[in-house]
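S.K.: Take 1 as the starting number for the sequence shown in the numbering used here and just add one per residue.
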Amino acid sequence: MCGRFNVIDSPGLQSLLRDLGIDLKLPTATNIAPTEGVGLVLDTGAGRQMDAARWWLTPSWAPAVDQKYSMFNARSESLSTSRAFRTPFKRQRGIVPMSSFVEWRTVAGRKSPWLISNAQHALAVAALWDVWDGDGSQMLSCTLVTTAAAEPFAPWHKRMPVVLAEDEWSRWLDNSRPIAANDPVFRSELKSELYLQELPASIGNSRNKNPSEMEGFGELIELRP
């Protein structure tokens, strides 16, 4: 799963946005938690754009906006069968750019948060989106797609976000063409190196938005494909 992530204005993230065709800078935001606002890249058919979305999918058919079900992550294995995800999977795919994400690792009964990123501090994570207008005002929301953890990452968590390789961006964003449920984009492999470092336990409080606490401490661990 992916329950927190960060957006840090940096050359790496700016380069990712330019390569995605987005000409703007994202403001720095740390310890982003479900139900908060995130930047979502989508393709309208007339070109790519970035919109603000609520990170917790509310299906268009939902009677109300609530947190009854965990809809901030979508398991890749259920995208084509889940009532909430199957329509967005067909024609409402997007990308959430981020600098890093956070996972909690449990060792000998001790649970600790870890910061995960790549060398560029720029990740393009697969997302699905939908628009809800049940109260007369439209709301764009999204969910991050996850898959089974790659073997090197499994000691940290059994799931991981689907981080798209550059040659997968266009195909994922092209909603005129379907993607199969067993597509290699969902493979349980590292598509690039990842760097991991422990974080202070205080970031477990989602109200803690102090960027200095997202710098990590101790050994920097590198995972390679």
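Where a beta carbon is used, it is the ideal one built from N, C-alpha and C, also for glycine.
Spatial neighbours of M160 within its chain, please: C-beta separation below 7 angstroms, excluding the five flanking residues on both sides.
M.R.: The residues are T146, T147, A149, A150 and F153.
S.K.: Please give the ranges of any beta strand (DSSP E) in the region 15-83, keeping only runs that are unbroken, at least 3 residues long and fully inside the region.
M.R.: Runs found: 29-32, 37-43, 48-55 and 73-75.
S.K.: What are the complete beta strand (DSSP E) segments, minimum 3 residues, inside the region 118-149?
M.R.: Fully enclosed beta strand (DSSP E) runs of 3 or longer: 123-132 and 139-148.
S.K.: Let's test the definition: count the other Cβ atoms within 10 Å of the Cβ of W56 and tell me whether it reaches 16, buried, or not, exposed.
M.R.: Burial call: buried.
S.K.: Kindly provide the ranges of any alpha helix (DSSP H) runs that are 4 or more residues long and lie completely inside the region 142-194, ordered along the chain.
M.R.: If we require 4 residues or more, the alpha helix (DSSP H) runs fully inside the region 142-194 come out as 166-173.
S.K.: For my contact list, L196 and L164 are in at a C-beta cut-off of 8 angstroms; report their separation, rounded to the angstrom.
M.R.: L196 to L164, Cβ: 20 angstroms. No contact.
S.K.: Thinking C-alpha only, which one of S112, P184, L123 and G136 is nearest N205?
M.R.: Minimum Cα distance to N205 is reached at S112.
S.K.: P88 lies in the alpha helix (DSSP H); which residues open and close that run?
M.R.: From DSSP, the alpha helix (DSSP H) with P88 extends over R86 to R91.
S.K.: Classify P97 as helix, strand or coil using the three-state DSSP reduction.
M.R.: P97: strand per DSSP, three-state reduction.
S.K.: Rounded to whole angstroms, how far is the Cβ of P97 from the Cβ of A124, which I believe are closer than 8 angstroms?
M.R.: Contact flag correct, Cβ pair sits at about 6 angstroms.
S.K.: From the DSSP secondary-structure annotation, give me the bridge partner or partners of E222.
M.R.: For E222, which the question treats as bridged, DSSP gives the partners Y195.
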